[in-house]
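J.: Top line first, the protein sequences correspond to chains Y, U, R and B.
Offset between the first sequence (1-based) and our numbering: plus 95.
Offset between the second sequence (1-based) and our numbering: plus 13.
Offset between the third sequence (1-based) and our numbering: plus 7.
With our numbering, letter number 137 in the fourth sequence gets 128, and the count goes up by one each step, no holes.
Built from N, CA and C at the ideal position, the CB exists for glycine as well.
Computed from a prediction, not measured in an experiment: that's the story for all the values here.
Have a look at the structure that comes next, please.
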Amino acid sequence: MWRAWIPFWHAGVSPYSGDVDLLFTGLLFASALVLALLFFLLALFCVRYRAGNHIDRAARGGKSWHWEVSWTAASLVAFLGLFIWGANLFLDAYRSHADELSVFVVAKQWMWKVQHPGGQSEINALHIPVHHPIRLIMASQDVIHSFFIPALRLKHDVVPGRYQDLEIEVDTPGHYHLFCAEYCGTEHSGMTGEVVAMEQADYAAWLSQQSPSSSLAQEGGALFRQFGCSGCHGLGSKVRAPPLEGLYGKQVALSDGTTVVADDKYLRDAILLPRSQIAAGYAPVMPPFEGKVSEDQLLRLVVYIKSLAGHQP
Amino acid sequence: MNEDSYLNAGYTLRSWFFTSDHKRIAILYFASLIFFFFIGGAAATAIRIELATPQADLVSSDMYNRLFTMHGIIMVWFFLIPSVPNTLGNFIVPLMIGARDLAFPRLNLLSWYLFMLGGSVTLFAIAAGGVDTGWTFYAPFSTLYSNSYVMAAVIGIFIAGFSSILTGLNFIVTIHRLRAPGLTWYRLPLFIWSLYATSVILVLATPILAITLILIAIERCFGVGIFDPKIGGDPLLFQHLFWFYSHPAVYIMILPGMGVVNELISCFSRKEVFGYKFVAWASLAIAALGFLVWGHHMFVSGQSLLASLVFSFMSFIVAVPSAIKVFNWTATLHKGSIRFDAPMLYALAFIGLFTIGGLTGLFLACLAYDVHATDTYFVVAHFHYIMVGGMVTAYFGGLHYWWPKITGRLYSEGWARAAAILIFFGFNLTFFPQFILGAEGMPRRYHVYPPEFQVWNVLSSGGASILAVAYLLPLFYLGYSLFFGARAPANPWDAPGLEWQTSSPPPEFNFAVQPVVTRAPYQYSEAFKAEPQNA
Amino acid sequence: MERWRPSTPLVASWLGLLALLALTVTLAYQPFGAFNAVAALGIGVIKALIVAAVFMELRHRGPRTLIFAAAGLFWLAILLWLGSMDFLTRT
Amino acid sequence: MPDGAPFAPQFASVQHRDETAEFGMWVFIATEVLLFGGLVLSYFVYRHAYPQAFMAASRHTDILIGTANTAILLTSSFLVACAVEALSMRAHTTSRALLIGAAILGLLFITLKGFEYADEYREHLIPGINFAFDGPLANGAELFFIFYFIATALHAVHMLVGIGLLGTFAARIGNAEESRIRTALHSAALYWHFVDVVWIFLFALIYLPGRSS
């Protein structure tokens, strides 16, 4: 590929990181050009027009606004080009792929807790298979953190009170730094870990080694009964509550006439602050669970409801 | 020293602390700022020593967090924001526009007292145990989690904010109302234009900081949070409010520096500034556009994609007037007759360093690259190139340039040039490695870091020690000149500005007769020599 | 002391303001849906304009004062526009 | 400052000084607009996020006191405008009486506000001190009341400053140098009208939403 011809070029560990590096190279090249021109002119003028140097200083030719207009226009065009390049790539990072794998990340002072759908959990580490898009669904238990993998040129803040997600994909197996990039208190610089990218087979082996007692969905199901959710949402309950089977990913009509897609964020909000978005045709009777469930429990409940997606209501 | 100099108008403490003379108030500010600069500098020194090794060895994590918070708060609110406006601006603005004082002299004094009160409360917060939120005070960490002296710091900054507002108000009114007869807008020196633009930001952005700090204080005091996610508040709202102030505040910190550089470049190349009107309006364009870009601090925070796109676009646009200025300064040198006195060395250093800072700003405005670089040392290096490489360098340049006018004494040119060169090299050695650290992904505000980053950190710390020495030098030779320097003539640089038409140091009410202005600024050419401005 | 009577514009503005106050409270109780908010803020703007023009004597002032009176509002508009843009367009 | 001169040395004339002072007050008002502006942005952001809660919470405010206070403040502004006009006609006694009247109306406003706060305390509507809001909309309502208390308290602080200024000028009319008083009163009046304008908007944001449902 032609990028390999760029001096000092290293192939990135993912297609996206390679694109960002190319953008960086472009920015660097443009800046170097401007700087070189500027420093050359500064040096030239300083030497040529130093006081005492006998040289023609007669009135300049040409109108000054010609110069003004040209360098203003030149800057504007160059900036616009860089904007479009950067914005285009940025929107790329937010595209999602159909076959992605969901992994939950809970940030708290001062650790990263990762939950795989199969129930495997790990601290300050994230094991993923290569060549497979992974959707990280992230929540913070306390303050704002930021999930940063320099090798992938990606980061995203984890703001408390909402799910935030980020898709990553790694092509080269290896260990990569994971940093918290948003200042979060005393041990901020200790809130680091590693992303371990493995070949598919190794990853499968790693998953089975972890031998969790139950999957996230099963644990969520247990919580679902423990918190008494099943009393109303369960089959055959007396209270009329919306059925959750087959809900995930569908359009939900709300009482105020709008519709939303029942995604992770919606489920999260519906559990914590149920009455902010009431499903049409139901009474607003569900108590809010804000402050009653931790982010860890919450994500299990969400995974459980997700796991009901294939069931018939 | 001439008998009627403002320095001879009284020798009692009362004549200083209850003065309404803008020149004396400038001196009060100047003394206070030196003090704050060295406190902030001491914190920076400790940080750089700690970061020479990857592990924690000098201070604990809590202490480290307090150090960088203190460095940020002191340097931003108690040094950079008031630096040029409140010292050089206070002193020079009325002189430059041919006025006898600022429009509201007692308000000016009140502004200094507010500044000192705010500074004292902030110093109390630091002495009592420090603040560990970073200068950005991000909620909910600052409101619900930090157990340091956030309240005191917030109150201190809140008070200092009113000092900024009063100064800005005073400048705006003064520049509108007190210009000498004949001094039309296009005859104003560009320093005035840039301070005018700065004042507009001071007046319109600082109140948002005030209200944001009130909200933080209330959330901390009563535990009820307008930003608290537990009751549905949004921490990002805090960031929007904070950066609505703090991004324009960056322009508060650089526009006055640009203003100073205009004066220096034109004086030492003996030429009028190229493209005067473009440079003048570029200042106002920066002040206005600077309000439209704050969201570029939040590209990875989870704000909407559309908002990110708009803010990125505006960030590129705001770079255009800065580029215009740089090109115009360079063009000013063309066919000049350039002298390399110390102030000119600072001005040339400013152009180089500001351009590097500005160009790396484009990297950060560029969405996809910002995702990688934000909250890393790349950002740290970028804004230090603007604030230290730009503003502090310009401040030193302006200080040397107007030193004879302010004190009536001449400093040692050799020492001054040596210091300027040392600052330039020390600065680059300190901060250029930080670009590399950031590009490689070292997050900012990290107390311990992976060992592979050490080599660049050691270089940076080494540069910082040179920079520390270089910043101490002026203290000595300028201090020496106060007592033993040669007497300065009224116009040592042979410059046409009104401030040079009165004696050095100026008399109490600046001008014996009201000056009348008959021509554009920066008329350095021989043709105007015979005909003084004040005719 | 000579006799002094308030000038007509002052009195008219005062009565107008009170009338607008009555109107806005009345309208608030009518079920107009989203129009309620528009009416409340619209009448607020009219009242503010009356106070600014008559009580604050802006109608007698030149462009410089008008620019500065408008500057605060202009920057407020920037704050509200760009500030709420994020919240209105989040997904 | 040289004694005896009617204006400070940086000015060329009394008129120059007066125009400068008025201009300064306008710049100050621009600052104040933004001070309240930050709160208004918070209000709109949360009102957009919790429209139902904001309406429900708004219905818990006392529209009677709110409307009465608006009328009081509008009238007080009117009196101050009259006082400025009267002073320029050299009707000192009338001007003083009008200022005292305006200040008393201001105090009445503060008093009513105090009663309103006391009512809200009894109804458990003060976040952080005594807050209980039944029903599903508690969170949004709490955000509304946080805004309500911060905005009205900040406004009340401005009122108190203004009342102090009006009282001072009422006392000084006729006792101090005429043109100085006129300039200063003119600036103080601008400030008082501005506080009035702020209230006009706070009234629309706080008391009016949700009345029809």
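With DSSP collapsed to three states, give me the class of residue 208/Y.
T.: Your numbering for residue 208/Y matches position 113 in the first sequence. Strand at residue 208/Y.
J.: Within 10 Å of its beta-carbon, does residue 52/R have 16 or more other beta-carbons around it, so buried, or fewer, so exposed?
T.: Along the third sequence, one-based indexing puts residue 52/R at 45. It counts as exposed.
J.: Going along chain B, which residues have a C-beta under 8 Å from residue 59/R?
T.: Reading the third sequence from its first residue, position 52 is the one you call residue 59/R. By Cβ distance, chain B contributes 184 and 188.
J.: Indicate whether the contact test is met: 3 or more Cβ pairs, each with one atom in the region 174 to 189 of chain U and one in the region 206 to 220 of chain U, closer than 8 Å.
T.: They touch, by the three-pair rule.
J.: Per DSSP, residue 269/Y is paired with what?
T.: Taking the first residue of the first sequence as 1, we reach residue 269/Y at position 174. According to DSSP, residue 269/Y bridges with 292/Y.
J.: The beta strand (DSSP E) spanning residue 27/U covers which residue range?
T.: Walking along the second sequence from the start, residue 27/U turns up at place 14. No beta strand (DSSP E) contains residue 27/U, which is instead part of the alpha helix (DSSP H) from 26 to 30.
J.: Along chain U, which residues have their Cβ under 8 Å away from the Cβ of residue 0/B?
T.: Residue numbering aside, residue 0/B sits at position 9 when the fourth sequence is read from its first letter. Near residue 0/B (Cβ distances below 8 Å), the residues of chain U are 113, 114 and 522.
J.: Within 10 angstroms of the Cβ of residue 191/B, are there 16 or more other Cβ atoms? Answer buried if so, exposed if not.
T.: Start at 1 with the first residue of the fourth sequence, and residue 191/B comes out as number 200. Counting Cβ neighbours within 10 Å, residue 191/B comes out buried, since at least 16 surround it.
J.: Following the continuous beta strand (DSSP E) through residue 218/Y, name the residue where it begins and the one where it ends.
T.: On the first sequence, residue 218/Y is found 123 positions in, with the first residue counted as 1. Residues 216 to 218.
J.: Give the straight-line distance between the Cα atoms of residue 34/U and residue 103/U, rounded to the nearest whole angstrom.
T.: If you number the second sequence from 1, residue 34/U lands on position 21. If you number the second sequence from 1, residue 103/U lands on position 90. When rounded, the distance between both Cα atoms is 10 Å.
J.: I need the boundaries of the alpha helix (DSSP H) containing residue 529/U, first residue and last residue.
T.: Your numbering for residue 529/U matches position 516 in the second sequence. Here residue 529/U belongs to no alpha helix (DSSP H), and DSSP marks it neither H nor E.
J.: Consult DSSP for residue 66/U and reduce its assignment to one of helix, strand or coil.
T.: The residue given as residue 66/U occupies position 53 in the second sequence. Three-state DSSP puts residue 66/U in coil, outside helix and strand.
J.: For the pair the region 367 to 376 of chain U and the region 112 to 126 of chain Y, tell me if three or more CB-CB distances fall below 8 Å.
T.: Cβ pair count under 8 Å is three or more, so yes.
J.: Once DSSP output is grouped into helix, strand and coil, what is the label at residue 10/B?
T.: Within the fourth sequence, numbered from 1, the residue matching residue 10/B stands at position 19. Helix at residue 10/B.
J.: Look at the Cβ atom of residue 315/Y, then the Cβ atom of residue 395/Y, and state whether they are nearer than 7 Å.
T.: For the purposes of this step, residue 315/Y is taken as the residue at position 220 of the first sequence. For the purposes of this step, residue 395/Y is taken as the residue at position 300 of the first sequence. A contact, by the Cβ cut-off of 7 Å.
J.: If you follow the beta strand (DSSP E) that residue 252/Y is in, where does it begin and where does it stop?
T.: Looking up residue 252/Y in the first sequence gives position 157. Segment 249 to 253, the beta strand (DSSP E) holding residue 252/Y.
J.: Going by CA-CA distance only, name the one from 196/U, 108/U, 79/U and 446/U that's closest to residue 532/U.
T.: Here the question's residue 532/U lines up with position 519 in the second sequence. Cα-wise, what sits closest to residue 532/U is 196/U.
J.: For the pair the region 518 to 528 of chain U and the region 111 to 119 of chain U, tell me if three or more CB-CB distances fall below 8 Å.
T.: Short answer: they touch.
J.: Secondary structure at residue 234/U, three-state DSSP: helix, strand or coil?
T.: Within the second sequence, numbered from 1, the residue matching residue 234/U stands at position 221. Residue state, collapsed to three classes: helix.
J.: Taking 7 Å as the CB-CB limit, is residue 8/R close to chain B?
T.: Indexing the third sequence from 1 puts residue 8/R at position 1. Unreliable positioning characterises residue 8/R in this predicted model, as indicated by a pLDDT of 48, which lies under 50. The coordinate reading is nonetheless provided below. Cβ-Cβ to chain B under 7 Å: yes for residue 8/R.
J.: Using the Cα positions of residue 99/U and residue 142/U, report the straight-line distance between them to the nearest angstrom.
T.: Locating residue 99/U in the second sequence gives position 86, counting from the first residue. Locating residue 142/U in the second sequence gives position 129, counting from the first residue. One C-alpha to the other measures close to 29 Å.
J.: Counting contacts by CB-CB distance shorter than 7 Å, is residue 65/R in contact with chain U?
T.: Sequence index remark: in the third sequence, residue 65/R carries index 58 (1-based). So no, residue 65/R is outside the interface.
J.: Sort 401/U, 269/U and 323/U by Cα distance to residue 436/U and report the nearest one.
T.: Position 423 of the second sequence, counted from the first residue, corresponds to residue 436/U. That would be 401/U, whose Cα lies nearest to the Cα of residue 436/U.
J.: Could you name the residues of the same chain whose beta carbon sits closer than 7 Å to that of residue 207/U, not counting the 5 residues immediately before and after it, in chain order?
T.: If you number the second sequence from 1, residue 207/U lands on position 194. Cβ neighbours of residue 207/U beyond the five flanking positions: 268, 269, 271, 272 and 296.
J.: Quick one: grab the DSSP three-state call for residue 430/U.
T.: Counted from its first residue, the second sequence places residue 430/U at position 417. If DSSP states are grouped into helix, strand and coil, residue 430/U belongs with the helices.
J.: State the DSSP-derived secondary structure class of residue 280/U, mapped to helix, strand or coil.
T.: By one-based count along the second sequence, residue 280/U stands at place 267. Residue 280/U: helix per DSSP, three-state reduction.
J.: Would you identify the three-state DSSP class for residue 348/Y, choosing helix, strand or coil?
T.: For the purposes of this step, residue 348/Y is identified with residue 253 of the first sequence, where counting begins at 1. Strand, per DSSP.
J.: Kindly indicate which three-state DSSP category residue 354/Y falls into: helix, strand or coil?
T.: Position 259 of the first sequence, counted from the first residue, corresponds to residue 354/Y. If DSSP states are grouped into helix, strand and coil, residue 354/Y belongs with the strands.
J.: May I ask which residues mark the beginning and end of the alpha helix (DSSP H) holding residue 418/U?
T.: Indexing the second sequence from 1 puts residue 418/U at position 405. Here the alpha helix (DSSP H) through residue 418/U covers 406 to 420.
J.: Can a CB atom of chain U be found closer than 7 Å to the CB of residue 211/B?
T.: As displayed, chain B neither begins before -8 nor continues past 204, which places residue 211/B out of reach and without an answer.
J.: Secondary structure at residue 121/B, three-state DSSP: helix, strand or coil?
T.: Numbered from its first residue, the fourth sequence carries residue 121/B at position 130. Residue 121/B: strand per DSSP, three-state reduction.
J.: How many Å lie between residue 181/U and residue 20/B at the Cα?
T.: Within the second sequence, numbered from 1, the residue matching residue 181/U stands at position 168. Within the fourth sequence, numbered from 1, the residue matching residue 20/B stands at position 29. Cα to Cα, residue 181/U sits roughly 13 Å from residue 20/B.
J.: Report the start-end ranges of each beta strand (DSSP E) in the region 93 to 122 of chain U that is 3 residues or longer and not cut off at the edges.
T.: Fully enclosed beta strand (DSSP E) runs of 3 or longer: not present.
J.: State the DSSP-derived secondary structure class of residue 172/U, mapped to helix, strand or coil.
T.: Sequence index remark: in the second sequence, residue 172/U carries index 159 (1-based). Of the three classes helix, strand and coil, the one that applies to residue 172/U here is helix, per DSSP.
J.: Are there 16 or more other CB atoms within 10 angstroms of the CB of residue 97/Y, so buried, or fewer, so exposed?
T.: Taking the first residue of the first sequence as position 1, residue 97/Y is located at position 2. Exposed, because fewer than 16 other Cβ atoms sit within 10 Å of the Cβ of residue 97/Y.
J.: Within 7 Å (strictly less), CB to CB, does residue 317/Y reach chain U?
T.: As a first step, residue 317/Y is located in the first sequence; it is residue number 222 there, counting from the start. Residue 317/Y does not count as touching chain U.
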